[in-house]
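According to the UniProt record's numbering, the sequence shown is numbered sequentially starting from 1.
Glycine included, C-beta positions come from ideal geometry on N, C-alpha and C.
Just so we're clear, the structure is a prediction, and the values are computed from it rather than from any experiment.
Please read the structure below before turning to the comments.
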Amino acid sequence: MSSGKPYIGCKLGLISKAQNRYEGILFTIDTINSTVVLEKVKCFGTEGRPTHKPIPPKHDIFEFITFRGSDIKDIKLCEPPRNLQPTRRAVQSPKDALL
Numbered sequence: 001m002s003s004g005k006p007y008i009g010c011k012l013g014l015i016s017k018a019q020n021r022y023e024g025i026l027f028t029i030d031t032i033n034s035t036v037v038l039e040k041v042k043c044f045g046t047e048g049r050p051t052h053k054p055i056p057p058k059h060d061i062f063e064f065i066t067f068r069g070s071d072i073k074d075i076k077l078c079e080p081p082r083n084l085q086p087t088r089r090a091v092q093s094p095k096d097a098l099l
């Protein structure tokens, strides 16, 4: 994970201006072209959000989808970066420590 882009590889939720919700893994952010690329993307459709053209959820997983920044209404982090998640240590029982 790049120190300049700590969220690469994190799971994101995105709502497009067309009111479709997507979830996927952040693959890259292109600041020059103002795009966000998600991989392993699931489309949940409009889910009842107000729109002129309701879209049902898709059952397919899309390998990659590129979103233009101007087409994104909302974006949120679903899972924090691995380096910010609390780590769990294995608890050693007192009996094991004596062996």
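| request: Tell me, please, which residues DSSP counts as bridged to residue 48. | output: Answer is none; residue 48 lacks a bridge partner.
| message | If I follow the unbroken beta strand (DSSP E) through residue 73, where does it start and stop? | response | 72-77
| Supposed contact pair residue 10 and residue 79 - C-beta distance, whole angstroms, cut 8 Å | 6 Å
| said: What residue range does the beta strand (DSSP E) around residue 60 cover? | reply: Looking at the DSSP string, residue 60 is not in any beta strand (DSSP E), and its letter there is neither H nor E.
| Excluding sequence positions up to five away, which residues of its chain have a Cβ less than 8 Å from the Cβ of residue 69? | 34, 35 and 36
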